[in-house]
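Asker: Input: one structure, supplied below.
As structure tokens, then:
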């Protein structure tokens, strides 16, 4: 086992362990902190793959912005430990959740491991750089920031436009929802 | 380039740890002496003397230099640090113990982590090549700084929450709201800068801080080309470091002490040091992005020779600019009154954010124009 493998196992345990602890912790603030640990663990795994840009974005967006808002709301609403004690009343949702997540795990394992469990890459998969350059425009696969930029602005222009449009829709929705309350108070 | 060093993993790891410790030591010393500068400059502005009694026992008897050092208060940071260390440690009974102890550490760690990507000079090798002096000169340096410094808000929010005190809690909430609001304007203000530096035809530098600093060598400093970006970045920097006129989280007149009301002795000292470390690093970042970094003056080539003397002079020049900006921080603090909280929010969301967006659009248009004219067969 070399140093990179050791680091991988440390951060993998941190990621998965943080996720498990987040689900089972009674205190919502503790749960949020465990989720941050899990997200930072994922960022560290990106660093081990030499993908500094993705790692930094992971910390910037999820740990730095999204979780701050979560923590903010938890503290403002003063959600106590008694919320976690509530029994799950609707079992259908619980069963559906377990089914979906186990399906996801099965798919990931069946894709990720070759049938003989030798640890080598699945031969039925194309090499990542071929997969990206196989389209009409050939893009060189690299972890550089400019590679992401060129990819997003050329081949993946439509997805990024759709994502932007969805964000716009949600923003308009927020404005409409918050405006309605204000108008009701005024009248 | 260094081939006489032993090729051994423990040696290379040890060397990096050593460099990191030197860097932490340097920044912490600068943070300590910024506190002294704060006290001296405020005293000077208010017609007082400031700290002038602290001295080590033997140094006092050195003729001329002893009394001079005593008058300058050179040993005051040492006394301050020892005072924090030896004070009685009081933990109020109503706090959430675990997070109460964790919060100062979370506040300090991001402040110390951002310095790893800060370049502070250039090293000229004998074969003519030049390398940047930094612990890690990442390609995504500026994003790294933003990402890690955005984690610092957890320290303050958790300190306010775990104290179980209304004033602390209000301070923590104000701080998180303020930091989230101004992060947007800060990030947006830097986009035109990076667009401008990577304009077609220029040398591609990605998002690295050293690339930005080197693009200002012998050319205009970026605060001349991008005055609005520099202004927005500076204002947001004040807000992110919780300095007056934006020190909402600890505004002592309405919140007692804000998020650190319940903290005493060394735990308060850690918050204090983290704040000043943020100021030092923020000043260094502003110098690198807008004031030419370690390069001499705008429109001038560096006058120093390309050897170790030049490296030293460059680092010294960079530190000098950083000290000036730290002085600027202190100057503003003792000049301007504090904003009201609603004014802070209004300034962030209704003034700075639209201004940053407009600034971005204008520079996008300019860069597009340059791009189009460059490709025309003129």
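Protein chains in written order, with my numbering: chain A, 3 to 189; chain B, -5 to 372.
For glycine and all other residues, C-beta sits at the position ideal for the given N, C-alpha and C.
1. DSSP state of residue 49(B), grouped into three classes?
2. I want to know whether the region 220 to 231 of chain B touches the region 171 to 187 of chain B - three or more CB-CB distances under 8 Å.
3. Residues of chain A with CB closer than 7 Å to the CB of residue 350(B), please, in chain order.
4. Starting from residue 277(B), trace the alpha helix (DSSP H) in both directions and tell me its first and last residue.
5. Tell me, please, whether the region 54 to 70 of chain A touches the region 135 to 142 of chain B by the rule of three or more beta-carbon pairs shorter than 8 Å.
6. If I measure Cβ to Cβ from residue 286(B) and keep anything under 6 Å in the same chain, skipping five residues before and after, which residues do I get?
7. Quick one: what's residue 116(B) bridged to in DSSP?
8. On the three-state DSSP scale, how would you describe residue 348(B)?
9. To test your reading of the DSSP string, which unbroken beta strand (DSSP E) runs of 3 or more residues are found completely within the region 306 to 348 of chain B?
10. Need the endpoints of the alpha helix (DSSP H) that residue 208(B) sits in, please.
11. Enumerate in chain order the residues of its own chain whose CB-to-CB distance from residue 312(B) is below 7 Å, with the five nearest sequence positions on each side excluded.
12. What number of angstroms, rounded off, separates the C-alpha of residue 170(A) from the C-alpha of residue 162(A)?
13. What three-state label does DSSP hand residue 15(B) in the structure shown?
14. Anything in chain A within Cβ reach of residue 406(B), meaning under 8 Å, just list it in chain order.
15. Name the residue from 41(B), 34(B), 39(B) whose alpha carbon lies nearest to the alpha carbon of residue 47(B).
16. Using the Cβ count rule (16 or more neighbours within 10 Å means buried), how would you classify residue 26(B)?
17. Could you compute how far the alpha carbon of residue 74(A) sits from the alpha carbon of residue 97(B)?
18. In chain order, what residues of the same chain lie with their CB nearer than 8 Å to the CB of residue 200(B), ignoring the 5 residues before and after it?
19. Could you check if residue 390(B) is buried or exposed, using at least 16 other CB atoms within 10 Å of its CB as the buried criterion?
20. Assign residue 284(B) to buried or exposed, taking buried as 16 or more other Cβ atoms, counted over all protein chains shown, within 10 Å of its Cβ.
21. Just the C-alpha distance for residue 325(B) and residue 36(B), rounded to the nearest angstrom, thanks.
22. Is there at least one Cβ from chain A nearer than 8 Å to residue 310(B)'s Cβ?
23. Curious, which full-length alpha helix (DSSP H) runs of at least 4 residues does the region 39 to 117 of chain A contain?
24. Can you pull the chain B residues whose beta carbon is under 7 Å from the beta carbon of residue 66(A), in chain order?
25. Grab me the residues of residue 40(A)'s own chain with a C-beta within less than 7 Å of its C-beta, minus the 5 sequence neighbours each way, in chain order.
26. What does residue 146(A) reach in chain B if we use C-beta pairs closer than 8 Å?
Answerer: So, to answer that:
1. coil
2. yes
3. Within 7 Å Cβ-Cβ: nothing; residue 350(B) doesn't reach chain A, min ~17 Å.
4. 259 to 284
5. yes
6. 210, 215
7. 126(B)
8. helix
9. none
10. 203 to 209
11. 114, 115, 281, 287, 288
12. 12 Å
13. helix
14. Since the first residue shown for chain B is -5 and the last is 372, residue 406(B) is missing from the structure and cannot be characterised.
15. 34(B)
16. buried
17. 15 Å
18. 133, 134, 192
19. Within the shown structure, residues of chain B are numbered from -5 to 372, placing residue 390(B) beyond reach of any answer.
20. buried
21. 8 Å
22. no
23. 54 to 59, 69 to 79, 84 to 87, 93 to 114
24. 141, 144, 145
25. 17, 20, 21, 24
26. 133, 200
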